[in-house]
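Inspection log for the structure reproduced underneath, given as structure tokens.
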Amino acid sequence: ITVENYKSKPIIVKVYDQIPVSQDDKIRIKNIKFNPEPAKKDADDRPGVLYWTLSLNPAEKKDIGTAYSIEYPRNLNVTGI
């Protein structure tokens with residue numbers, strides 16, 4: 001996610017994103033990484049919902065990165081997590 005300030009004054013932006021949350025113990029979400037770390041995980045008491053509060057100066061750009069892997073048995077048919 002890339003956020004950029006096109007205004008002529010500093011701004012504060014709250015960015016929401018989500019990561020998968022498994023409802024099945026055979027499906028695991030692993031190696032979860034954030035850059036930068038979110039201000040809150042499981043925001044608004046919703047599992048997997050994250051948010052960042054970013055301060056941006058005029059013309060400043062910031063990136064938010066998330067990465068994870070999903071592991072499940074080969075014989076398991078996965079249709080959404």
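Residue 17 in the working numbering sits at position 17 of the sequence shown; the count goes up by one each step and never skips. Each residue gets a CB set at the ideal place from its N, CA and C atoms; glycine is no exception.
CB contact flag (residue i, residue j, <8 Å)
i    : j   : result
L50  : Q18 : yes
I1   : D42 : no
S103 : N35 : Residue 103 lies beyond the range of the chain shown here (1 to 81); nothing can be said about it.
I11  : V78 : no
Residue span of the beta strand (DSSP E) that contains residue i, given as start and end
i   : result
V78 : Looking at the DSSP string, V78 is not in any beta strand (DSSP E), and its letter there is neither H nor E.
E60 : Looking at the DSSP string, E60 is not in any beta strand (DSSP E), and its letter there is neither H nor E.
K33 : R28 to N35
Cα-Cα separation, residue i to residue j
i   : j   : result
S8  : P20 : 37 Å
D25 : A39 : 27 Å
N57 : N5  : 7 Å
V3  : K61 : 6 Å
R46 : R74 : 29 Å
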